[in-house]
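Colleague: This structure is in structure tokens; I'll ask about it shortly.
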Amino acid sequence: MLQIISVSKNYGPNISALKDISLEIQDGEFVFLVGPSGSGKTTLIRMLIREELPSTGKIFFHDEDITRYNRRQVYSLRRKIGVIFQDYKLIPELNAFENIAFAMEAAGKSDKEIKEYVPYLLDIVGLTNRTNFFPRQLSGGEKQRVAIARAMANNPKLLIADEPTGNLDPDSAWDIVQILSKINNWGTTVLMSTHGSDIVNSLHKRVLRMEDGALVRDDFRGSYDEVDEFSLKVLSESGKQAEAASELVQEATKSAEDSQAEEATPELEQTPTDSQPEESVPPEHTEQTEEPKASLKEERLKGRKTEKPKSDSLTPQKNKKKKSKTKKKKESLSLLKKLKKRKILKIRINYIL
Ligand code: ADP
Ligand code: MG
Numbered sequence: 001m002l003q004i005i006s007v008s009k010n011y012g013p014n015i016s017a018l019k020d021i022s023l024e025i026q027d028g029e030f031v032f033l034v035g036p037s038g039s040g041k042t043t044l045i046r047m048l049i050r051e052e053l054p055s056t057g058k059i060f061f062h063d064e065d066i067t068r069y070n071r072r073q074v075y076s077l078r079r080k081i082g083v084i085f086q087d088y089k090l091i092p093e094l095n096a097f098e099n100i101a102f103a104m105e106a107a108g109k110s111d112k113e114i115k116e117y118v119p120y121l122l123d124i125v126g127l128t129n130r131t132n133f134f135p136r137q138l139s140g141g142e143k144q145r146v147a148i149a150r151a152m153a154n155n156p157k158l159l160i161a162d163e164p165t166g167n168l169d170p171d172s173a174w175d176i177v178q179i180l181s182k183i184n185n186w187g188t189t190v191l192m193s194t195h196g197s198d199i200v201n202s203l204h205k206r207v208l209r210m211e212d213g214a215l216v217r218d219d220f221r222g223s224y225d226e227v228d229e230f231s232l233k234v235l236s237e238s239g240k241q242a243e244a245a246s247e248l249v250q251e252a253t254k255s256a257e258d259s260q261a262e263e264a265t266p267e268l269e270q271t272p273t274d275s276q277p278e279e280s281v282p283p284e285h286t287e288q289t290e291e292p293k294a295s296l297k298e299e300r301l302k303g304r305k306t307e308k309p310k311s312d313s314l315t316p317q318k319n320k321k322k323k324s325k326t327k328k329k330k331e332s333l334s335l336l337k338k339l340k341k342r343k344i345l346k347i348r349i350n351y352i353l
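For the sequence shown, UniProt numbering gives the first residue as 1, with consecutive numbering after it.
This is the structure we're talking about:
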């Protein structure tokens, strides 16, 4: 699915962030990308999602050279690749449901699809009971689970996670890796960069190791050969590494058995229409974004939305319960429009659009 051929990236004359990297990732693999801070993991990931271009070399995704993609093709590429980051990058003004719905809406999914699929995704990441919570009301692990659900919202072929457990306690980190493992068992290729050697050692997946911009090791079913601080913490705090690993294998096996049935008939739950937290946009967010500069992407979306307004767009709003169906329809507002209305357009939506 992915071929990286002699990729180098220089920042100015003195910084070689990537040095002649070549590797191939097959459909359905789970690959760890390890290496010390500054070794080039994030830079490599940025090339894969076309946030940056290599200085030299080529990158093929499904046999197409993405380094030659035009802007339109880059949008399309990003919908085929889900990405999660260490700092979650959730939109603070949207609740868990809306953060996921927003990614689907931006990809042109219908309200019906959104209302059916978001609860299913929330269920997969174990957050059904946090549907209406805003990012600030969620723990780090929960935020990362919302981010995973959002990354999976448009059924990507490849899920890339850049240090997704970097800010999490050991137990939450394990939860995240288990969810990624489950997603991988259902067929999505996963590339995860990490410092968590316990995780890498226990899962016995392929390990790519980077050092100083170079790929120094590519082990199938390898392990992380250094015990770092994170690992020691896990071992001392929980002491359940082996147990967790064995549980994971059992769960993975079960998931694989269940996956076909589950995929064929996704569990549909009632879309939340009540008990929305009475939240308002925090003043600091409004202030930060009082003079939004719409990017080309946003303009493009604006055009699309203006051309063809949806009459029954998703409207998670306050006091919905009390409103009649007709009234709800009249007040209907897509999430994108809602964001525009609140003048919070200047948000980092690059990674989902
Ligand atoms: P990692 O993710 O493994 O910690 P990075 O990919 O972030 O490493 O960084 C690799 C190297 O490239 C570092 O030396 C970093 O300072 C440098 N680097 C990354 N991005 C830039 C940039 N935009 N400009 C200059 N140097 C950069
Ligand atoms: Mg990094």
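Backbone N, C-alpha and C define an ideal beta-carbon position, used for all residues, glycine too. Being a predicted model, the structure only gives us computed values, none of them experimental.
1. From which residue to which residue does the alpha helix (DSSP H) around Asn-184 run?
2. Taking 7 Å as the cut-off, is the CB of Tyr-11 close to at least one heavy atom of ligand 1?
3. For Tyr-88 versus Leu-77, is the C-beta distance shorter than 8 Å?
4. If we ignore side chains and look at the alpha-carbon of each, how far apart do Leu-208 and Pro-164 end up?
5. Please list, following the chain, all residues that have a C-beta closer than 6 Å to any non-hydrogen atom of ligand 1.
6. Any beta-carbon of chain D closer than 8 Å to the one on Lys-89?
7. Under 8 Å between the Cβ atoms of Gly-28 and Gly-187?
8. I want to check one thing, is the minimum distance from the CB of Glu-163 to the heavy atoms of ligand 2 below 7 Å?
9. Should Thr-189 and Leu-215 be called a contact, given that it needs their Cβ atoms to be closer than 8 Å?
10. Of the choices Arg-71, Lys-80 and Phe-32, whose alpha-carbon is the least far from that of Met-152?
11. Have a look at the DSSP bridge pairing and note the partners of Arg-206.
12. Kindly list the residues whose CB is nearer than 8 Å to the CB of Ser-139, restricted to its own chain and excluding five residues on each side of it in sequence; keep chain order.
13. Pick helix, strand or coil for Leu-77, following the three-state DSSP scheme.
14. List the DSSP bridge partners of Val-190.
15. Look at the alpha carbon of Arg-304 and the alpha carbon of Met-104, and state the distance between them as a whole number of angstroms.
Modeller: According to the data block:
1. For Asn-184, the enclosing alpha helix (DSSP H) covers residues 170-185.
2. Yes, since a heavy atom of ligand 1 falls inside the 7 Å radius drawn around the Cβ of Tyr-11.
3. It is not a contact, given that the beta carbons lie outside the stated cut-off.
4. Between the alpha carbons of Leu-208 and Pro-164 lies a distance of about 17 Å.
5. The filter returns Tyr-11, Ile-15, Ala-17, Gly-35, Ser-37, Gly-38, Ser-39, Gly-40, Lys-41, Thr-42 and Thr-43, in chain order.
6. Absent from the structure: chain D. Only one protein chain is present.
7. Their beta carbons are under 8 Å apart, which means Gly-28 touches Gly-187 by this criterion.
8. Glu-163: yes, Cβ under 7 Å from ligand 2.
9. Contact flag unset, no.
10. Comparing Cα positions, the closest option is Lys-80.
11. According to DSSP, residue pairing for Arg-206 in a beta bridge involves Val-31.
12. The answer, listed in chain order, is Ser-172.
13. Collapsing the DSSP output to three states places Leu-77 in a helix.
14. DSSP output for Val-190 lists Phe-30 and Leu-159 as bridge partner(s).
15. Any reading at Arg-304 is ruled out, since the residue's pLDDT is 38, under 50, leaving its predicted position unreliable.
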